[in-house]
Amino acid sequence: MPRSDGARPLSDRVRVRHMLDAARQAAAFVAGRARYELDTDHMLRRALKDCVQEIGEAASRVSDEGRARAPGLPWKQIVGMRHRIVHVYYDIDADALWTVAVRDLPVLEAALEAALNAWPDERGGDRGNPVP
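Basically my numbering = 1-based index in the sequence shown + 27.
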């Protein structure tokens, strides 16, 4: 059940920023690592699952208008991966998770950076500068 703490909803721009941050964290987690480590390092596996899940959760809450700022992203697949991790947690394909982390997330990161760079700053600027 959603919290009702009076906090204002997050903007699309902030959610896209969350996606970018999680993609960068995943890249840092796999840097210098090998695929077999995903089978033996449970913290690595959980960290990657968490990053991919966070990316999908944030993506699921981006409006159609926000998604239109990055039309080349596979929004449905990003959200679908999140659903798979959450609802079929007992049967995560480690090869697929690794592939997402090392092949797909760098492409996603570049697309998100481009979208944010073109996105108006919520504080009145015209560039995608980080917003807390």
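Positions of the beta carbon are idealized from the N, C-alpha and C atoms, including for glycine.
Here the structure is a predicted model, which is why all the values come from computation and not from measurement.
- Taking the C-beta atoms as reference points, His-110 is found nearer than 9 Å to Gly-83.
- Separation of the CB atoms of Val-79 and Leu-124 is rounded to 7 Å, and the pair is thereby assigned contact status at 8 Å.
- In the DSSP assignment, Ser-87 falls within the alpha helix (DSSP H) that extends over 69-87.
- Here Leu-143 has Arg-40, Val-43, Arg-44, Leu-47, Gly-155 as same chain residues with Cβ atoms under 8 Å from its own Cβ, once five neighbours each way along the sequence are excluded.
- When Ala-128, Lys-103, Ser-87 are compared, the shortest CA-CA separation from Lys-76 is found for Ala-128.
- Residue state for Ala-50 is assigned as helix, using DSSP reduced to three classes.
- Judged by DSSP in its simplified three-state form, Trp-102 adopts helix.
- One Cα belongs to Asp-118, the other to Asp-148, and the distance between them is close to 40 Å.
- By the beta-carbon neighbour count (other beta carbons within 10 angstroms, threshold 16), Glu-81 is buried.
- Ranked by how close their Cα comes to the Cα of Leu-135, the residues Ser-38, Arg-51, Leu-37, Pro-36 have Arg-51 in first place.
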